[in-house]
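Student: This is the structure, below, for whatever I ask next.
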Amino acid sequence: KIDKLPPKKHEALRVGIVAFELDIERIELKGKLSQKDKPADRDGVIHALSTGDEAQRRLAVAMRDATR
Numbered sequence: 334k335i336d337k338l339p340p341k342k343h344e345a346l347r348v349g350i351v352a353f354e355l356d357i358e359r360i361e362l363k364g365k366l367s368q369k370d371k372p373a374d375r376d377g378v379i380h381a382l383s384t385g386d387e388a389q390r391r392l393a394v395a396m397r398d399a400t401r
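Numbering (the numbering used here), first residue to last: 334 to 401.
Shown next, in the form of structure tokens:
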């Protein structure tokens, strides 16, 4: 924890901290739905998700569609 550091070490670390801001212009997402897993493993995950709640069932459909 930082509050347990010796004062000189704490000061050395503190002076190295620099604040900055970024303007975000774009966000890109990439979905990974177990496409590279072994088919039997992937099918097991899809089966387990398909017996879950609505969000899990939708994820199971997305995984199934991604591997076609």
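Ideal placement from N, C-alpha and C gives every residue a C-beta, glycine not left out.
(1) State yes or no: is the C-beta of L362 within less than 8 Å of the C-beta of A395?
(2) Count the other CB atoms, across all protein chains shown, that sit within 10 Å of the CB of A345; report buried if there are 16 or more and exposed otherwise.
(3) Roughly how many angstroms separate the alpha carbons of E358 and Q389, rounded to a whole number?
(4) Taking DSSP as the reference, what is the three-state secondary structure of Q368?
(5) Does DSSP classify A352 as helix, strand or coil?
(6) Identify, in the order they occur along the chain, each residue of the same chain with its Cβ nearer than 8 Å to the Cβ of I335, setting aside the five sequence neighbours on each side.
Tutor: Result, derived from the coordinates:
(1) Here residue 362 refers to the residue found at position 29 of the sequence shown. Here residue 395 refers to the residue found at position 62 of the sequence shown. At the C-beta level, L362 and A395 stay beyond 8 Å of one another.
(2) Numbered from 1 along the sequence shown, position 12 holds the residue referred to as residue 345. So A345 counts as exposed.
(3) Mapped onto the sequence shown, residue 358 falls at position 25. Mapped onto the sequence shown, residue 389 falls at position 56. In this structure, the straight-line span from the alpha carbon of E358 to that of Q389 is close to 32 Å.
(4) The count along the sequence shown starts at 1 and reaches residue 368 at position 35. In the three-state scheme derived from DSSP, where H, G and I count as helix and E and B as strand, Q368 is classed as coil.
(5) As a working mapping, residue 352 is identified with position 19 in the sequence shown. A352 sits in coil when the DSSP states are folded into three classes, being neither helix nor strand.
(6) Here residue 335 refers to the residue found at position 2 of the sequence shown. Correct list, in chain order: H343 and L346.
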